[in-house]
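Participant: Remember, this note's numbering sits 10 above the position in the sequence shown when you count from 1.
The beta carbon of each residue, even a glycine, is placed where N, CA and C say it ideally should be.
Next up is a structure, given as structure tokens.
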Amino acid sequence: MNQSVCKFLKDYGTDEYSINRLLVSSFVIQHKITNIQNLLIKNLLINEDELEYGILIQFLELIKESNKHYYFEELVEFFEFVISPSDKLVNGAIYTPKDIREFIIEEVFSTVSKNSAKKITVADIACGCGGFLIDSALEIKKLTNKSFKSIFRDNIFGIDIQKYSIERTKILLSLLALKYGEDTKEFEFNLFVGDSLEYKWQDENKKIRENKGFDIIVGNPPYVCSRNMNNETKELMKNWSTCKTGHPDLYIPFFQIGYELLKPKGILGYITVNTFIKSLNGRAIRKYFSDNQVDLKIIDFEHEQIFNSRMTYTSICFLKNIKSETVKYTPLKRLGLKNNIIYEKYKYIDLSISKGWYLKNKNIVNKIEKVGTPFGEIYNTKSGIATLKNNVFIFKPIKDTKKYYYIDKNTKIEKSICKDIVNSNLLVKTDKINNIIEKIIFPYEYNEENQIYVISEDKFINDYPFAYHYLLSNKDALVNRDKGKGKDYKYWYAFGRNQSLERYKYKLLFPQMAREGFKSCFVENEDIYFYNGMAAMAETKEELKILEQVFKTDIFWLYVKSISKPYASNYFSLGKNYIKNFGISDLTEEKKKYILNEKEIDKLNKFFNNIYLNH
């Protein structure tokens with residue numbers, strides 16, 4: 011969307027009625043639609059004698075300058091764009107690009123005949139402003155030549171939690187009919203305001219009850235992460251079996267809701283987040299698919315960004331209400347939707363519900379995991395220290411004296427309460443650890459058994475008065491950590507979490523997210539801590555130095571790219587749940603010596619390929 015148009019709409023405000031009038035009136039004028047009888051549209055038109063008419067003309071001039079054309083798709087995008095950011099955060103509303111919608115519609119209608127299309131029922135159970143319903147109405151029109159009035163009444167169904175979204179869907183469908191020359195005082199819609207987590211279609215709608223469900227369900231389920239859900243939504247989520255494990259995002263139950271609303275042999279098509287394939291929070295939905303032998307096809311866009319306005323990793327999923335022993339899967343770029351798509355088949359019985367579905371290079375992944383001993387049984391992998399207020403605890407001194415570090419020219423901290431700390435995520439750029447060492451105020455001590463405990467407040471005040479008063483000046487920020495849970499901490503100056511406070515002599519630091527060729531850094535110092543990224547600990551220096559070499563190899567990255575969560579720019583997660591099953595070969599002393607001394611990456615790759623691929 012043109013930036014000047016975006017700015018105009020942002021500046022115009024968030025009043026729903028005013029925005030609706032502006033967009034409807036501009037579209038009607040642009041397309042020279044006259045003598046309108048439809049009351050919904052007629053009552054939204056801005057007349058020439060109104061003050062808003064001048065603003066309407068400005069908007070039309072801006073459209074003309076930036077685009078020259080004002081197609082129906084732009085209108086849909088405008089309506090989606092003007093949803094407030096707060097609503098987008100809580101309700102997961104996002105505009106679905108036209109090519110994605112058209113691909114899904116083409117797929118779900120591919121087996122629909124002209125005769126069956128006359129009675130077909132199509133639903134979007136989180137319809138937003140109705141993009142999928144508009145495309146569905148056009149497809150039914152093409153197949154049957156029915157009037158839009160009949161299509162809206164008999165074939166199209168939608169629900170959304172927001173009243174304004176349903177109102178705008180009615181507006182857009184009405185304008186669609188007007189654009190095609192069909193006008194009537196009132197259209198009859200099957201569009202409802204409600205929450206799909208609790209709405210009972212069979213009870214509320216006689217036609218759906220008699221039809222035993224929907225023939226087709228399409229849409230873009232709301233992507234709301236669990237931390238942004240309100241308490242009411244979290245309670246409703248508990249009613250669905252697909253939400254019984256972890257902290258599932260809001261899109262997860264929409265698979266179950268949609269599938270259970272399909273009539274026998276019905277089909278569902280979604281563009282949605284792809285994390286359910288591998289994540290811990292996706293265990294219950296994977297179990298649901300497997301237990302119900304759902305006929306499932308997945309087009310995985312991996313790290314390619316489909317939505318311009320949000321950093322999400324997506325897939326297109328098709329579910330048929332028939333039994334199947336297999337999942338069909340393909341990783342694909344968006345441009346590949348134009349070609350004939352070939353899927354690999356994977357039997358449910360061969361896929362792990364608990365570990366995740368590793369559908370890419372599955373045979374090679376299995377071979378790698380059968381080698382030696384799993385990574386997680388040798389290496390203790392941890393995420394870094396979590397203060398939950400790093401900008402208070404962690405600093406880079408501007409100068410130091412014999413006893414003090416200076417945060418700024420007026421704030422000094424006792425050296426004796428500080429530790430060295432490294433942001434191991436920075437190892438994506440450098441392996442020179444001395445360049446990235448910072449200081450952390452460390453209000454902890456160890457007893458003789460090496461157990462850690464928080465320094466008492468009296469001791470803190472007496473022994474480290476400057477550090478104490480500095481933290482005291484930030485007390486409000488500290489007690490409001492973790493959404494206010496910091497108020498419940500026994501010691502307000504303690505870190506937000508107790509993780510990674512243990513002392514380890516040997517550590518291999520590495521980033522949480524990385525791409526091929528990243529740097530890891532071996533540290534032989536129990537007084538250097540780390541945050542943000544990851545570290546692997548082991549009993550011996552040798553084990554970690556070998557792992558440092560393994561991280562460089564093609565075979566390790568083949569594994570990571572096959573099983574891990576992808577991110578933009580070819581980054582992948584190195585979280586312990588993704589690498590814990592990587593097989594670490596049981597090596598002879600001779601082979602260990604070779605690995606530790608070999609500097610040429612090509613020779614290392616050849617050596618490890620022989621271990622992992624030829625066993």
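Let me know the beta strand (DSSP E) ranges lying completely inside the segment 175 to 207, each 3 residues or longer, listed in chain order.
Facilitator: 200 to 203
Participant: Going by DSSP, what residues sit across from phenylalanine 91 in a beta bridge?
Facilitator: None; phenylalanine 91 has no bridge partner.
Participant: Can the beta-carbon of aspartate 468 be found closer than 8 Å to that of lysine 449?
Facilitator: no
Participant: In its own chain, which residues sit with a C-beta less than 7 Å from the C-beta of asparagine 587, not counting the 5 before and 5 after it?
Facilitator: Leu290
Participant: Determine whether the beta carbon atoms of phenylalanine 582 and arginine 525 lie at a separation below 8 Å.
Facilitator: yes
Participant: Which term fits aspartate 225, buried or exposed, when burial requires 16 or more other beta carbons within 10 angstroms of its beta carbon?
Facilitator: buried
Participant: Could you check what DSSP says for isoleucine 421 in three-state terms: helix, strand or coil?
Facilitator: Note on residue identity: the sequence assigns threonine, not isoleucine, to residue 421. Threonine 421 falls in the strand class under three-state DSSP.
Participant: Going along the chain, which unbroken runs of the alpha helix (DSSP H) with 4 or more residues stay wholly within the segment 344 to 379?
Facilitator: Runs of alpha helix (DSSP H) with 4 or more residues, each lying fully within the segment 344 to 379, are found at 372 to 379, listed in chain order.
Participant: May I ask you to verify whether the segment 202 to 220 touches the segment 167 to 183, counting CB pairs closer than 8 Å and requiring at least 3?
Facilitator: yes
Participant: Do you know offhand how far leucine 272's Cα is from glycine 279's?
Facilitator: Straight across, the Cα-Cα distance linking leucine 272 with glycine 279 is about 11 Å.
Participant: Could you tell me how far apart the beta carbons of leucine 33 and phenylalanine 89 are, in whole angstroms, since I believe they sit closer than 8 Å?
Facilitator: 6 Å
Participant: Please report the distance separating the alpha-carbon of valine 100 from that of glycine 191.
Facilitator: In this prediction, valine 100 scores a pLDDT of 49, lower than 50, which makes its location untrustworthy; the coordinate-derived value is nonetheless stated afterwards. Approximately 38 Å, taken between the alpha carbons.
Participant: Where does glutamate 512 sit, in a helix, a strand or coil, going by DSSP?
Facilitator: coil
Participant: Using 8 Å as the threshold, is the C-beta distance between glutamine 509 and glycine 585 below it?
Facilitator: no
Participant: Starting from aspartate 301, follow the alpha helix (DSSP H) in both directions and report where the run begins and ends.
Facilitator: 293 to 301
Participant: Got a sec, what are the start and stop residues for the alpha helix (DSSP H) methionine 247 sits in?
Facilitator: In the DSSP assignment, methionine 247 falls within the alpha helix (DSSP H) that extends over 241 to 247.
Participant: If methionine 547 sits next to tyrosine 514, beta carbons under 8 Å apart, how far is it from one beta carbon to the other, in whole angstroms?
Facilitator: Contact holds; Cβ gap of about 5 Å.
Participant: For leucine 329 and tyrosine 269, which I take to be in contact (beta-carbon distance under 8 Å), what is that distance rounded to the nearest angstrom?
Facilitator: Indeed they touch by this definition, with Cβ atoms about 5 Å apart.
Participant: Could you check what DSSP says for leucine 55 in three-state terms: helix, strand or coil?
Facilitator: coil
Participant: Using 10 angstroms around the beta-carbon of glycine 527, count the other beta-carbons present and answer buried if the total reaches 16, otherwise exposed.
Facilitator: exposed
Participant: What span of residues does the alpha helix (DSSP H) with glutamate 553 cover, start to end?
Facilitator: 551 to 560
Participant: Could you tell me the distance, in whole angstroms, from the CA atom of aspartate 164 to the CA atom of phenylalanine 311?
Facilitator: Approximately 35 Å between the Cα atoms of the pair.
Participant: Return the residue from the list Ser434, Ile351, Gly276 that minimises the CA-CA distance to asparagine 444.
Facilitator: Ser434
Participant: I believe isoleucine 114 touches isoleucine 287 by the beta-carbon criterion, under 8 Å. Please report the beta-carbon distance rounded to the nearest angstrom.
Facilitator: Rounded, the Cβ-Cβ distance is 18 Å, inconsistent with contact.
Participant: Compare the C-alpha of asparagine 350 against each of Glu117, Asp145, Ile611, Ala136 and name the closest.
Facilitator: Glu117
Participant: Report yes if the CB atom of asparagine 48 is closer than 8 Å to the CB atom of aspartate 205, and no otherwise.
Facilitator: no
Participant: Ordered along the chain, which non-local residues of its own chain (more than five positions away) have a Cβ less than 8 Å from that of lysine 244?
Facilitator: Closer than 8 Å at the Cβ level, and outside the excluded window around lysine 244, lie Ser236.
Participant: Put threonine 252 into one of helix, strand or coil per three-state DSSP.
Facilitator: helix
Participant: Distance, Cα to Cα, phenylalanine 10 vs isoleucine 262?
Facilitator: No answer is possible for residue 10: it lies beyond the span of the chain, which begins at 11 and ends at 625.
Participant: Could you check whether proline 576 and isoleucine 316 sit closer than 8 Å to each other, using their CB atoms as the reference points?
Facilitator: no
Participant: When you compare only the Cα positions, how much space is there between leucine 626 and lysine 380?
Facilitator: Because the chain spans 11 through 625 in this model, residue 626 falls outside it and cannot be assessed.
Participant: Are the beta-carbon atoms of lysine 377 and leucine 623 separated by less than 8 Å?
Facilitator: yes
Participant: Any chance the segment 291 to 300 sits against the segment 247 to 262, with 3 or more Cβ pairs inside 8 Å?
Facilitator: yes
Participant: Let me make sure I understand the geometry here. Which of Glu242, Leu361, Phe91, Gly229 has the alpha-carbon closest to that of aspartate 143?
Facilitator: Per the sequence shown, the amino acid found at residue 143 is leucine instead of aspartate. Here the closest residue by C-alpha is Gly229.
Participant: Counting pairs of beta carbons, one from the segment 21 to 41 and one from the segment 50 to 65, are three or more of them closer than 8 Å?
Facilitator: yes
Participant: Going by DSSP in three states, isoleucine 6 sits in which element: helix, strand or coil?
Facilitator: The structure shown does not extend to residue 6, since the chain is modelled only from 11 through 625, so no value can be given for it.
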